[in-house]
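In the numbering used here, the protein residues as written are 27 to 143.
Note that beta-carbon positions come from the ideal geometry of N, C-alpha and C, so glycine has one too.
Let me begin by presenting the structure, written as structure tokens, before commenting on it.
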Amino acid sequence: MDATLHAVVGLHIIGIAALLGGFLAQMKLIGAGDARMSPAMLHGALTMLVTGIALVGLNQADGNSLDNVKIGVKTALLVVILGLVYVKRDEEKVPAPVIGAVGLLTTANIFIAVMWT
């Protein structure tokens, strides 16, 4: 069970890296007004959602106690991120506040995961 849990955590981190990396790759283009939502951002957000749900299920199956409020907040942030990325994925140019919100919410989600105990 531990190997499965660690593998899913690794996949979750890969999803975070794809989402945040996609945002960071667009940072230079934000100032020029040419930023867009890359496919990596959508796939990263979907990976985070699927693996996050799997992590909750695996932890519950293992008998671990979970902080449901923390999981709810992280899920809500991720749903907003996923909604923004999904709706704007086909646009040639995404407004700076929208792509900035994706980066900010992703960073907030990471800090909630690490600092909320």
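For a cut-off of 8 Å, the C-beta gap from K119 to D60 is around 6 Å, short enough to register as a contact. When the five nearest sequence neighbours on each side are left out, the beta carbons in the same chain lying within less than 8 Å of the beta carbon of H38 are those of T73, M74, T77, G78 and L81, in order along the chain. For the set G57, F49 and K54, the Cα lying nearest the Cα of M63 is the one of F49. The residue from D93, L31, V106 and H32 with its alpha-carbon nearest to that of L130 is V106. Per DSSP, the unbroken alpha helix (DSSP H) holding P123 starts and ends at A122 to M141. Sequence-distant partners of T143 (beyond 5 residues in either direction) whose C-beta falls short of 6 Å from its own C-beta are missing from its chain. Only residues of its own chain outside the window of five on either side were considered, and among them I138 have a CB closer than 7 Å to the CB of V99, listed in chain order. Only residues of its own chain outside the window of five on either side were considered, and among them L84 have a CB closer than 8 Å to the CB of T30, listed in chain order. In the DSSP assignment, D28 falls within the alpha helix (DSSP H) that extends over D28 to A58. Going by DSSP, A66 is part of the alpha helix (DSSP H) stretching over P65 to A87.
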